[in-house]
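Worksheet: one structure, shown below.
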Amino acid sequence: MTTVLSRSEIRRLLEGKPPLVEDLVDPEKQLQPNGIDLTLRDIALLQSAGVIAVDNSQRQVSELAPLVFDGLGYIDLVPGIYLVTYNEVVHLPENITALAAPRSSLLRCGVTIETAVWDAGYSGRSQSLMVVYNSQGIRLQRNARIVQLIFFRLTRKTRGYQGKYQGENM
Numbered sequence: 016m017t018t019v020l021s022r023s024e025i026r027r028l029l030e031g032k033p034p035l036v037e038d039l040v041d042p043e044k045q046l047q048p049n050g051i052d053l054t055l056r057d058i059a060l061l062q063s064a065g066v067i068a069v070d071n072s073q074r075q076v077s078e079l080a081p082l083v084f085d086g087l088g089y090i091d092l093v094p095g096i097y098l099v100t101y102n103e104v105v106h107l108p109e110n111i112t113a114l115a116a117p118r119s120s121l122l123r124c125g126v127t128i129e130t131a132v133w134d135a136g137y138s139g140r141s142q143s144l145m146v147v148y149n150s151q152g153i154r155l156q157r158n159a160r161i162v163q164l165i166f167f168r169l170t171r172k173t174r175g176y177q178g179k180y181q182g183e184n185m
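Residues 16 to 185 (the working numbering) make up the sequence shown, in order.
In structure tokens form, the structure reads like this:
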């Protein structure tokens, strides 16, 4: 049976080699009853069209223009879409997968984060799509907690992730 990992199980896996998640900004604040909060490292604007084809050899992701935080570590975003990169590096064993959801405070500000599945066996510093819907924009600080990653134990080990994004941004 698939189960959601508890705080105590996550804490135990954080001590593994490799740890379930590393480069935590503030482990005590980030460790939640059912997951780990991921924090904002970088943010960029998408600058070109992407290409998604039947054959991955033809795939082209959008080019990016990194944005700069101010001297206090803040950035002001107008409505639109952005690619965010997290501080944390995730190392999933072959029997654990993960899904993320935006923190509720972010939603209450009119901002959401779209994510994909973190496949069992994946290792890397992930990215997600941030959508600012609020017509007034949002002000974010570097290292702010923006999503919660929730871990699920699979019924059995699987062949781990073998895709292009293995080891990304490390």
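Beta carbons: idealized from backbone N, C-alpha and C, even for Gly.
Neighbourhood of residue 125 by C-beta distance below 6 Å, restricted to the same chain and skipping five residues each side: Taking the first residue of the sequence shown as position 1, residue 125 is located at position 110. Cβ contact annotation for residue 125 (same chain, cutoff 6 Å, sequence separation greater than five): 148, 149, in chain order.
Relative to the C-alpha of residue 123, which residue among 57, 152, 140 is closest? Along the sequence shown, read from residue 1 onward, the residue named residue 123 stands at position 108. Cα-wise, what sits closest to residue 123 is 152.
Three-state class that DSSP yields for residue 111 in the structure shown: The count along the sequence shown starts at 1 and reaches residue 111 at position 96. Residue 111: strand per DSSP, three-state reduction.
Buried or exposed: residue 28, going by 16 or more other Cβ atoms within 10 Å of its Cβ? For this step, residue 28 is matched to residue 13 along the sequence shown. With 16 or more other Cβ atoms within 10 Å, it is buried.
Where does residue 72 sit, in a helix, a strand or coil, going by DSSP? What you label residue 72 is simply residue 57 of the sequence shown in a count that begins at 1. Helix at residue 72.
Looking at the strands, I want to know which residues DSSP matches up with residue 173. Reading the sequence shown from its first residue, position 158 is the one you call residue 173. Answer is none; residue 173 lacks a bridge partner.
Whose C-alpha, out of 52, 48, 17, 42, is nearest the C-alpha of residue 121? Within the sequence shown, numbered from 1, the residue matching residue 121 stands at position 106. Per the Cα distances, 52.
Length of the line joining the Cα atoms of residue 160 and residue 75: Working through the sequence shown from its first residue, we reach residue 160 at position 145. Working through the sequence shown from its first residue, we reach residue 75 at position 60. For the pair residue 160 and residue 75, the Cα-to-Cα distance works out to about 29 Å.
With a threshold of 16 other CB atoms inside 10 Å of the CB of residue 118, please say whether the residue is buried or exposed. Counting from one through the sequence shown, the residue named residue 118 turns up at place 103. Residue 118 is buried by the Cβ-count criterion.
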